[in-house]
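Below is one structure, written out as structure tokens; the observations come after it.
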Amino acid sequence: MSRVFSILLIALGGYYLFQKRYRVINTILRNPFIRKYAVRILMNIPSVKRTMMNSVFGRSKDTIYQ
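Under my numbering, think of the first position of the sequence shown as 3, with each following residue one higher.
Structure below.
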């Protein structure tokens, strides 16, 4: 019975977090150290980095940034 109750609580918590996901992300990223670390991780992903650099500097999609 307690296992079913635990699974139910996890499911309800997941649903609530999904409903409030943007508020949770904004709350977490309010901390400058966490925000800096998150940006650093995202910029290590090549497709994200390429998209960001293209939108900021307006270069063609064939340009590779190092």
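Cβ atoms here follow ideal geometry from the backbone N, Cα and C, with glycine treated the same way.
Kindly list the residues whose CB is nearer than 6 Å to the CB of residue i, restricted to its own chain and excluding five residues on each side of it in sequence; keep chain order.
i, result
"Leu44", "Val50"
Could you tell me the alpha carbon to alpha carbon distance between residue i and residue j, rounded to whole angstroms?
i, j, result
"Tyr18", "Arg32", "20 Å"
"Leu14", "Val26", "16 Å"
"Arg42", "Leu11", "34 Å"
"Lys22", "Arg52", "29 Å"
"Pro34", "Ile47", "21 Å"
Helix, strand or coil: which one does DSSP assign to residue i?
i, result
"Asn56", "helix"
Excluding five sequence neighbours on each side, which residues of the same chain lie with their C-beta closer than 7 Å to the C-beta of residue i?
i, result
"Ala40", "Leu31"
"Ile9", "none"
"Arg37", "Leu31"
Got a sec? Which residues, its chain only, sit under 8 Å from residue i by beta carbon, not counting five neighbours each side?
i, result
"Val6", "none"
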